[in-house]
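Report on one structure; see the data block that follows.
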Amino acid sequence: MRCKCMLDKANGIPYYRQIAQDLARQIRQGAFSAQERLPSESDLSTYYGVNRHTVRQAIAELINAGLVYRLKGKGTYPVRGAERQIQYKVSSRTCFTRNIMELGHSPAARILKAVEMPPSPEVVTELNLDQNQRVVVLEILRSVDNEPFSVTTSYLPSHLVPGLLNHMEGFTSLYHLLEKHYRLRPIRARSILRAVLPTADDAEILEISPNVPVLQVKSTMLTEEGVVIEYCVSRFRGDRSCLQVDFSRDQRGT
Numbered sequence: 001m002r003c004k005c006m007l008d009k010a011n012g013i014p015y016y017r018q019i020a021q022d023l024a025r026q027i028r029q030g031a032f033s034a035q036e037r038l039p040s041e042s043d044l045s046t047y048y049g050v051n052r053h054t055v056r057q058a059i060a061e062l063i064n065a066g067l068v069y070r071l072k073g074k075g076t077y078p079v080r081g082a083e084r085q086i087q088y089k090v091s092s093r094t095c096f097t098r099n100i101m102e103l104g105h106s107p108a109a110r111i112l113k114a115v116e117m118p119p120s121p122e123v124v125t126e127l128n129l130d131q132n133q134r135v136v137v138l139e140i141l142r143s144v145d146n147e148p149f150s151v152t153t154s155y156l157p158s159h160l161v162p163g164l165l166n167h168m169e170g171f172t173s174l175y176h177l178l179e180k181h182y183r184l185r186p187i188r189a190r191s192i193l194r195a196v197l198p199t200a201d202d203a204e205i206l207e208i209s210p211n212v213p214v215l216q217v218k219s220t221m222l223t224e225e226g227v228v229i230e231y232c233v234s235r236f237r238g239d240r241s242c243l244q245v246d247f248s249r250d251q252r253g254t
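Residue numbers (UniProt numbering): 1 to 254.
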């Protein structure tokens with residue numbers, strides 16, 4: 001069996017992770033049905049040109065991501081509905097558009113709200129503001145393959161992004177706007193993740209039942225000089241997403 005997936009030796013990503021990413025892409029694209037067993041370790045090692053230990057590591061990654069499961073003596077199978085699961089990477093420089101496109105899906109973003117207003121006490125604390133300073137508030141609906149995926153409320157200090165609201169026409173990416181107009185490339189300082197039930201508004205926006213949990217991620221972003229540029233609260237559909245937290249240093253732009 002000839003290898004159809006060329007592993008990249010130069011990108012620094014371990015082979016097992018490249019294999020896991022390729023298999024995850026195939027699962028999400030429906031290459032395997034829920035009843036169809038994945039190829040054996042021997043077949044996969046031949047397919048990718050690696051040893052079986054590397055393949056086992058890749059399968060373990062998929063199991064940890066909730067995409068496959070093992071049946072003793074029978075093999076490895078995709079989890080039912082796994083083709084709808086998006087493994088979204090949360091790293092120091094996270095770009096929604098790039099992340100989703102790398103997984104073989106089509107991303108989209110739409111502004112639901114864009115206003116300038118006084119900040120709440122929570123936002124004042126997170127952005128290190130004075131009470132008399134104002135913030136730009138953006139509510140952004142992000143979709144994958146034309147289906148709602150997440151909704152994010154972002155707060156940015158008005159004095160750091162003057163005129164930001166004038167750049168909303170044709171919006172595709174907040175971080176693209178920040179880099180293009182303000183030469184800002186936000187870096188994630190910290191994130192707090194938890195599962196919560198959606199508000200009535202979020203359930204309607206995300207087109208889910210109020211009983212379906214969302215993955216809430218509260219994040220603080222800094223400029224390259226260490227100034228807080230954004231505080232955001234994202235809510236990901238629990239039935240479509242799993243979050244991969246990347247602790248490696250990611251120096252790529254957003």
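From the three backbone atoms N, C-alpha and C, an ideal C-beta is built for every residue, glycine too.
Where the alpha helix (DSSP H) containing Ser191 begins and where it ends: No alpha helix (DSSP H) holds Ser191; the beta strand (DSSP E) holding it covers 187 to 196.
What beta strand (DSSP E) runs, 3 residues minimum, are completely inside the region 128 to 205? 135 to 144, 147 to 157, 187 to 196
Let me check understanding here. Comparing Cα to Cα, which of Phe149, Ile63, Val161 lies closest to Glu230? Val161
Coil, strand or helix - Arg240 by DSSP: coil
Quick check on Gln14: buried or exposed, where buried means 16 or more other Cβ atoms within 10 Å of its Cβ? Note that residue 14 is Pro in the sequence shown here, rather than Gln. Pro14 is exposed by the Cβ-count criterion.
Indicate the three-state DSSP secondary structure (helix, strand or coil) for Gln26 in the structure shown. helix
Can Val228 and Asn128 be called in contact, C-beta distance under 7 Å? yes
Between the alpha carbons of Val196 and Val137, how many angstroms are there, rounded? 22 Å
Which listed residue (Thr153, Asp43, Ala65) has its alpha carbon closest to that of Val115: Thr153
Classification of Arg134 by the beta-carbon crowding that lies within 10 angstroms, buried from 16 upward: exposed
Three-state secondary structure (DSSP) at Ile94? Residue identity check: residue 94 is Thr in the sequence provided, not Ile. Note: Thr94 maps to coil in three-state DSSP.
My output table needs one value for Ile111: the three-state DSSP class, helix, strand or coil. strand
Drop a sphere of 10 angstroms on the beta-carbon of Val68, count the other beta-carbons inside from all chains shown, and report buried for 16 or more, exposed for fewer. buried
Roughly how many whole angstroms lie between the Cα atoms of Phe32 and Ala24? 10 Å
Would DSSP call Met101 helix, strand or coil? helix
Closest residue to Tyr175 among Ile192, Leu156, Ser191, Arg190 (Cα-Cα distance): Leu156
Go ahead and pull the three-state DSSP assignment for Leu222. strand
Simplified DSSP state of Arg235, which is helix, strand or coil: strand
8 Å contact criterion, which Gln35 and Gly66 should meet: CB distance rounded: Actually they are not in contact, since the Cβ atoms of Gln35 and Gly66 sit about 18 Å apart, beyond 8 Å.
Could you give the DSSP three-state label for Pro14: helix, strand or coil? coil
C-beta contact flag for Lys89 and Gln216 at 7 Å: no
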